[in-house]
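Peer 1:
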Amino acid sequence: MPFGNTHNQLKMKYTAEQEYPDLSQHNNHMAKVLTRDMYERLRSKQTPSGFTLDDVIQTGVDNPGHPFIMTVGCVAGDEETYEVFKDLLDPVIEDRHGGYKPTDKHKTDLNPNNLKGGDDLDPNYVLSSRVRTGRSIRGFCLPPHCSRGERRGIEKLSVEALSSLSGDLKGKYYALKNMTEAEQQQLIDDHFLFDKPVSPLLLASGMARDWPDARGIWHNDKKTFLVWVNEEDHLRVISMQKGGNMREVFTRFCTGLTQIEALFKQKGHDFMWNEHLGYVLTCPSNLGTGLRGGVHVKLPNLSKHDKFGEALKRLRLQKRGTGGVDTAAVGGVFDISNADRLGFSEVELVQMVVDGVKLLVEMEKRLEKGQSIDDIMPAQNTSKMATLSIKRLSAEDEYPDLSQHNNHMAKVLTLDMYRTLRERSTPNGFTIDGVIQTGVDNPGHPFIMTVGCVAGDEESYEVFKELLDPVIEDRHGGYKPTDNHKTDLNPENLKGGDDLDPNYVLSSRVRTGRSIRGFCLPPHCSRGERRAVEKLSIEALNALDGDLKGKYYALKSMTEEEQQQLIDDHFLFDKPVSPLLLSAGMARDWPDGRGICLTFYTTQIETLFKEKGSPFMWNEHLGYVLTCPSNLGTGLRGGVHVKLPNLSKHDKFEEILTKLRLQKRGTGGVDTAAVGGVFDISNADRLGFSEVELVQMVVDGVKLMVEMEKRLENG
């Protein structure tokens, strides 16, 4: 089935008020339009392929706004999205596209002969010119919602169609997964290829799933005509070249695009289009023409002028850095393009760019000479869908490409296993693709072999045990499905531990995790569940007293500075930048429902939660049940920050850690390297050993390593 990042039926247990996102700090079009009443009306609806309101808005919930451009804050998952959720999307479209009404009709003009001028932009200022658009292939879900098999089907169909182009447009397809890192980066640096999936807007909407599977670039020999496959849209068609001859660029664009549409029609596939919205694309900002005509232009003086922003607005143009939507300008060079997509024809939009850039360059020349630009400031420029039949693709079509992967999930998952498990879901709707997505998107880790899968609820470990039991056995040193876990939270059973040399051991910490029975785990929980977990936790933790008495600090109530200080002091979890966290869906709605309570101890907390009728997830085999299989059992990580500048350079350092059942990382966390020979050393195990046994391993192991460090110091 196509992808959905929420579980709609389960969310209905919570009221619309409990599930409604906190949009109080948001600055995007979706947040301006979506009210609680509208959310309540729309949240039970879904498109024929299963796309829901929460899927539509998730990227706008997770990304409150943009520093340069007000973002849209929502996406479509299929062609029907714009009809099913029109109560939200019609006002968003009207707001984003300058008053474009639900009754308006879009116009198309791909005749380059109707463009006036465009071949005379000054090449001393205009460094390059480009025109691009997107196209969606009818019959497939859009990138936020498509499955692996659909994405591969789009790639196959696109390669077959594009291979029929001839003459100056004849070219070749290059699959992303077949490129080296260096080849890929060079194409990105040269502005030929889309960037790696680092944009929060792309990640939060689910468009980066399975990267780089079925993504690629087709281009002609001169690299002046390109087609991106399966990035934000099914197809991105681009015409580009150095210098300021926008007419030549636009002519090639119109010729190539017309030929491509004809080739797809010959294969029985139309592009998504209707009279009102024009060409239908993933982001509402790109509806209509989907066209962005842009130039890289040098404006070092004008860009510092206080009327620069006003001039762009009047010309219906927008600016960004040459590196893309999330970048700033460097050296006064901007990417200037049309702000509109919908309600204007392709020729009209390119005409706006040609005329507007010509005027901006004239302004720049005046400012170079110290002249006024007031007299040449521009005046204000005032210028039903068929239901899709969703075909379920085979396991072979949907099976992820794990050939380059180095995580436990990838070692275990076979096509036969995938075929069996894709027929199942937990009572809460968590699927095998939900389990493995983070491992598909993140092939491996530079320092530690990652697990590559998560649980969405307590039942995941039973429903998908054919995958998870071998992963657990592999990750936890042979822990069998028949083994029983042991618990020991009596600190009196620990031997020593109070005599680690403080000249080497800078700090000590023990942490664990707990999951509350009856709630989905973070990769799968809804807003209402997450808020209920927060509320229940605050009530329980407020009952702690004595030395354990503390206070809860909600993340959304902290300033940026307060939050960063707690992170720097290693008290607070980091901001959600980890690809593992993002791909698993654990960062949704950040920072809603997150916080920190300072000072507590596990035994008392468990009692307090039990008193409220909410025990922790636990069973005899797995111990305490947590999101990541790596943390099952105790969930305990006992760690120290320890100075080992000499031992860490010794060729037996890794072997020593392995024999002591310890692991290392930088003091900044799992994705960091050591600085100045200071490492975070902790137990490698969680499951099959008691809490006391694991802390004992750390105490004894660190004591031995400090002794080794001292010996190496003395030669």
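Its first residue numbered 1244, the sequence shown is counted upward by one per residue in my numbering.
Glycine included, C-beta positions come from ideal geometry on N, C-alpha and C.
The model shown is predicted, which means the values in this text are computed figures rather than measured ones.
1) Below 7 angstroms CB to CB, which residues in the same chain sit around glutamate 1504 once its five sequence neighbours on both sides are set aside?
2) Skipping 5 residues on each side, what residues in its chain have a beta carbon closer than 7 angstroms to that of alanine 1582?
3) Hey, could you find the ends of the beta strand (DSSP E) cysteine 1840 is sitting in?
4) Pull up the distance between the alpha-carbon of lysine 1738 and that of lysine 1792, whole angstroms please.
5) Taking glutamate 1475 and histidine 1349 to be in contact with their CB atoms under 8 angstroms, please state how far apart those CB atoms are, rounded to whole angstroms.
6) Please report the residue range of the alpha helix (DSSP H) in which aspartate 1280 lies.
7) Within 10 Å of its beta-carbon, does lysine 1627 have 16 or more other beta-carbons around it, so buried, or fewer, so exposed?
8) Comparing C-alpha positions only, which one of His1864, Leu1645, Ala1786, Gln1428 sits nearest to threonine 1725?
9) Just to confirm my understanding: we take threonine 1669, look at its own chain, exclude 5 residues before and 5 after, and list those with CB closer than 6 angstroms. What are they?
10) Suppose the cutoff is 6 angstroms on Cβ atoms and the five residues either side in sequence are ignored; what does the same chain contact list for leucine 1903 look like?
11) Taking only runs that begin and end inside the region 1476-1500, name each unbroken beta strand (DSSP E) of 3 or more residues, in chain order.
12) Taking the straight line between their C-alpha atoms, what separation do you get for proline 1264 and cysteine 1317?
13) Helix, strand or coil for alanine 1653 per DSSP?
14) So, at 7 angstroms on beta carbons, what are the nonlocal neighbours of arginine 1752 in its own chain, with the 5 sequence-adjacent residues on each side left out?
15) Tell me the rounded alpha-carbon separation between threonine 1494 and aspartate 1363.
16) Give the range of the beta strand (DSSP E) segment to which tyrosine 1661 is assigned.
17) Ordered along the chain, which non-local residues of its own chain (more than five positions away) have a Cβ less than 7 angstroms from that of leucine 1385?
18) Between which two residues does the beta strand (DSSP E) harbouring tyrosine 1416 extend?
19) Measure the C-alpha to C-alpha separation of glutamate 1854 and asparagine 1306 and round it to an integer number of angstroms.
20) Per the DSSP calculation, arginine 1752 is bridged to which residue(s)?
21) Looking at C-beta atoms only, is the number of pairs between the region 1869-1878 and the region 1805-1821 that lie closer than 8 angstroms three or more?
22) Under three-state DSSP, which class holds glutamate 1351?
23) Can the beta-carbon of histidine 1719 be found closer than 7 angstroms to that of glycine 1931?
24) Nearest-angstrom Cα distance between glutamine 1654 and arginine 1908?
25) Does the distance from the CB of asparagine 1685 to the CB of leucine 1825 come in under 7 angstroms?
26) Cutting at 6 angstroms between CB atoms, please list the residues of its own chain near leucine 1370, excluding the five before and the five after it.
27) In terms of alpha-carbon separation, which member of Thr1278, Thr1258, Arg1391, Lys1556 lies closest to isoleucine 1679?
28) With contact counted as at least three CB pairs below 8 angstroms, one residue from each stretch, are the region 1467-1483 and the region 1391-1404 in contact?
29) Assess, as a yes-or-no matter, whether the region 1530-1550 is touched by the region 1602-1615 under the definition of 3 or more beta carbon pairs within less than 8 angstroms.
30) Closer than 8 angstroms is the cut-off here; do at least three beta carbon pairs connect the region 1446-1462 with the region 1482-1497?
31) Candidates Asn1544, Phe1551, Gln1847, Glu1260: which alpha carbon is nearest lysine 1612's?
32) Output the boundary residues of the alpha helix (DSSP H) element that contains glutamine 1807.
33) Using a Cβ-Cβ cutoff of less than 6 angstroms, which residues in the same chain neighbour methionine 1860 once the five nearest sequence positions on both sides are dropped?
34) Just to confirm, are leucine 1358 and valine 1276 a CB contact at a threshold of 7 angstroms?
35) Using the C-alpha atoms, what's the distance from aspartate 1464 back to serine 1588?
36) Work out the CA separation of glycine 1293 and glutamate 1326 for me, nearest whole Å.
Peer 2: Per the coordinate set shown:
1) Phe1514
2) So the qualifying residues of the chain are Arg1559, Leu1560, Gln1561.
3) 1838-1840
4) 28 angstroms
5) Not really, about 20 angstroms apart at Cβ, beyond 8 angstroms.
6) 1279-1285
7) In this prediction, lysine 1627 has a pLDDT of 37, which is less than 50 and means its spatial position is unreliable; nothing more can be read from the coordinates.
8) His1864
9) Asp1700, Glu1702, Ser1703, Val1706
10) Gly1944
11) 1478-1485
12) 13 angstroms
13) helix
14) Gly1882
15) 15 angstroms
16) Taken as a continuous stretch (DSSP letters only), tyrosine 1661 belongs to no beta strand (DSSP E), being part of the alpha helix (DSSP H) at 1658-1664.
17) Ala1319, Gly1320, Asp1321, Ser1379, Thr1525
18) Per DSSP, the continuous beta strand (DSSP E) segment holding tyrosine 1416 begins and ends at 1414-1418.
19) 38 angstroms
20) Gly1882
21) The region 1869-1878 and the region 1805-1821 do not touch, with fewer than 3 CB-CB distances between them shorter than 8 angstroms.
22) Checking the displayed sequence, the identity of residue 1351 turns out to be threonine instead of glutamate. Correct three-state label for threonine 1351: coil.
23) yes
24) Checking the displayed sequence, the identity of residue 1654 turns out to be lysine instead of glutamine. Whole-angstrom Cα-Cα distance: 23 angstroms.
25) no
26) His1539
27) Arg1391
28) Contact holds: three or more Cβ-Cβ distances are below 8 angstroms.
29) yes
30) no
31) Asn1544
32) 1803-1811
33) Glu1701, Ser1758, Arg1760, Val1868
34) no
35) Cα-Cα distance, rounded: 29 angstroms.
36) 14 angstroms
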